[in-house]
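Enquirer:
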Amino acid sequence: QVQLAESGGGSVQPGESLRLSCAASRITFRNYAMSWHRQAPGKERELVASIGSGGAILNYADSVKGRFTISRDNAKNTVYLQMNSLKPEDTAVYLCNAKRGLSGFWGQGIQVTVSS
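Shown next as structure tokens:
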């Protein structure tokens, strides 16, 4: 059974940083494009950042450009999201996704709360 396990979330103050990790198992990780999404209460899920199987950055949401960085380590089967200068509006459940063609998998999600 494919598993995507997010870690690194928590509660921080505005302006602080967090680094999310998503460790994948039971997939050939290097063949999958990876992405981070987030969903805040009462809002639709939105794409935050995506990265191709070979490491090319595919997309950042306008709201996180210049603050968030997505990266991957194919040797560790892990994708990361470095989040700097966090804002209260970044508060959400963050989920990672693995996609290859029509095949896709989601992690359970992890809470990020930004509040003073």
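Letter by letter, the sequence shown follows residues 1 to 116 of the numbering used here.
Glycine is no exception: its CB is placed at the ideal position from the N, C-alpha and C atoms.
Keep in mind that this is a model prediction, so the values were computed, not measured.
Among the candidates ALA61, VAL48, GLY101 and LEU102, whose CA atom is the shortest distance from the CA of VAL93?
Expert: As a first step, residue 93 is located in the sequence shown; it is residue number 93 there, counting from the start. Comparing Cα positions, the closest option is VAL48.
Enquirer: Determine, using beta carbons only, whether GLU6 and LEU18 come nearer to each other than 9 angstroms.
Expert: As a position in the sequence shown, residue 6 is number 6, starting the count at 1. As a position in the sequence shown, residue 18 is number 18, starting the count at 1. Cβ distance not < 9 angstroms, so GLU6 and LEU18 don't count as in contact.
Enquirer: So LEU20 is in the beta strand (DSSP E); what residue range does that whole segment cover?
Expert: As a position in the sequence shown, residue 20 is number 20, starting the count at 1. That run of the beta strand (DSSP E) goes 18-25.
Enquirer: Would you report the Cα separation of GLN111 and GLY8, rounded to the nearest angstrom?
Expert: Translated into positions along the sequence shown, residue 111 becomes position 111. Translated into positions along the sequence shown, residue 8 becomes position 8. Just so you know, the alpha carbons of GLN111 and GLY8 end up roughly 9 angstroms apart.
Enquirer: Going by DSSP in three states, CYS74 sits in which element: helix, strand or coil?
Expert: As a first step, residue 74 is located in the sequence shown; it is residue number 74 there, counting from the start. Contrary to the premise, residue 74 reads as Asn rather than Cys in this sequence. Three-state DSSP puts ASN74 in coil, outside helix and strand.
Enquirer: Which of the three DSSP states, helix, strand or coil, is assigned to ARG38?
Expert: Mapped onto the sequence shown, residue 38 falls at position 38. Here ARG38 sits in strand by DSSP.
Enquirer: For GLU44, which of helix, strand or coil comes out of DSSP?
Expert: The count along the sequence shown starts at 1 and reaches residue 44 at position 44. In this structure, GLU44 counts as coil in the three-state DSSP scheme.
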